[in-house]
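Just add 4 to the spot in the sequence shown (first one is 1) and you have the working numbering. By construction, the Cβ of each residue, glycine as well, lies at the ideal position given by its N, Cα and C atoms. None of the values given here were measured: they were computed from a predicted structure. Note sheet for the following structure.
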Amino acid sequence: MIKTVERFDCLVLGAGIAGITAARKMVAAGFSVCLLDKSRGLGGRFATRRIEGQSFDHGAQFFTARGKVFSAEVQNWVEAGIARPWFGKPGHERFCGVGGMNRLAKELSVGLDVRRDQKVEWVGFSDGVWSVRSNQGALEGYRLLLTNPAPQAVDLLVTSEVDCCAEFLDTLNVIEYEKCISLMLLLGSELGLSESGIIQSEEAEPISTITETSVKGITDLPGIVIQSGPEFAEENFAASPDTVFERLADALPISGNLDVEGMSVQKWRFAKRKRHALECFFNEDESNFLWHSGDGYNAPRIEGAFLSGERVAESIISSLSMNYFPNLQEPRKR
């Protein structure tokens, strides 16, 4: 018996904020979408880890809303009870997820077809249809949206020998990222470093931010998240968790020893775009019905990823709405 491969209007690789935002908009417009993510979770930098039953945001600590579009969306999140202002003056608030940043991503993905633990090994475009192979099997789509970091997207396209236009790859190759190491510590006592629960270093080395999780309101017990600067991360990316702990703990603005009851380390290879902001919100190869979006475009913030997802969804919806499927050898499946 021949097994039928599932086919969608659009396949989205990466279930971070850009991917989730784009998928929500396309589904709302009536198109079938499937998101694939290599992780067991979703949300990208909206990441939360549990240590001894306590939650630690080890990716983005907060997000801002500067433009009208994203500000309106964040207000919807606040009214829904999944986000809240954390610190900052009115008009310049820093927001966080209620119960952790990852909970916000999970709430936004409700109703979407998200396939987790999907390590995509190959993509190919033939006869008007994209094929995607992962460790979990194969899927097909009339459009393909990549939202993974640009270096990973380039590697996938090159190793898959996809015939992309030169401009598409050139734009991806411009996008570079800084590394970051997050050290999560469950403590026996509060440090009381700041009233808001966060310290941001102007020098950003070796420590960029320190967040007290109980003050932030996501843990019952004392804990901190220490995030390194890019130079420290570059120099210590191969270091053991114990070495990372020793070097970052030594740089904390405290006297005495830490009462550590639990520890975890997360190394982010693609933490933040380090080159100048690109003027576009996404990258498009019209000949292949291929798009790339994410925080590599526009502003390197959560807001940038959201807007990139919004704009790229509009482009894909326009393409699908024209019902343009060149070289398609069989009727389009809906």
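Helix, strand or coil at residue i according to DSSP, with G and I counted as helix
i, result
"Gln-333", "Because Gln-333 sits at a pLDDT of 49, beneath the cut-off of 50, its placement in the model cannot be relied upon, and the following sentence gives the value as read from the coordinates. Note: Gln-333 maps to coil in three-state DSSP."
"Pro-210", "coil"
"Ile-24", "helix"
"Asn-177", "helix"
"Val-114", "coil"
"Val-82", "helix"
"Gln-65", "coil"
"Pro-226", "coil"
"Val-102", "coil"
"Asn-139", "coil"
"Val-9", "coil"
"Glu-182", "strand"
"Val-31", "helix"
"Arg-107", "helix"
"Ala-19", "coil"
"Ser-198", "coil"
"Ser-259", "coil"
"Glu-235", "helix"
"Glu-1", "Any answer about residue 1 is impossible in this case: the structure gives the chain only from 5 up to 338."
"Ser-193", "coil"
"Glu-77", "helix"
"Asn-302", "coil"
N-terminal and C-terminal residue of the beta strand (DSSP E) that residue i is part of
i, result
"Val-248", "Counting along the chain, Val-248 falls outside any beta strand (DSSP E), though it belongs to the alpha helix (DSSP H) covering 245 to 254."
"Lys-276", "264 to 277"
"Leu-294", "294 to 297"
"Ser-43", "That residue, Ser-43, is in no beta strand (DSSP E); it is neither H nor E in DSSP."
"Ala-87", "87 to 91"
"Ile-202", "202 to 204"
"Phe-285", "No beta strand (DSSP E) contains Phe-285, which DSSP labels as neither H nor E."
Candidates the options, of which the one nearest residue i by Cα
i, options, result
"Glu-182", "Asp-299, Ala-64, Phe-35, Arg-273", "Arg-273"
"Asn-292", "Pro-304, Ser-218, Leu-161", "Leu-161"
"Leu-173", "Gly-23, Ser-218, Asp-159, Glu-314", "Asp-159"
"Phe-12", "Pro-304, Gly-20, Lys-72, Met-30", "Met-30"
"Gly-308", "Ile-321, Phe-286, Leu-190", "Phe-286"
"Glu-56", "Leu-39, Ala-76, Leu-190, Ile-24", "Leu-190"
"Pro-155", "Ser-312, Arg-315, Ser-297, Glu-207", "Ser-297"
"Glu-165", "Leu-39, Trp-126, Val-136", "Trp-126"
"Arg-120", "Met-326, Ala-27, Leu-39, Ala-303", "Leu-39"
"Gly-48", "Leu-311, Ile-306, Cys-14, Ser-325", "Ile-306"
Residues that residue i bridges to, as DSSP identifies them
i, result
"Cys-14", "Val-37, Arg-147"
"Leu-187", "Ile-230, Val-269"
"Gln-58", "Ile-55"
"Phe-129", "Trp-134"
"Arg-70", "According to DSSP, Arg-70 bridges with nothing at all."
"Arg-119", "Leu-40"
"Val-124", "Ser-138"
N- and C-terminal bounds of the alpha helix (DSSP H) containing residue i
i, result
"Ile-306", "306 to 325"
"Ser-218", "217 to 220"
"Val-158", "154 to 163"
Any non-hydrogen atom of the ligand MN within 7 Å of residue i CB
i, result
"Ile-222", "Judged by which ligands are present, the structure shown has none, so any question about the ligand MN falls away."
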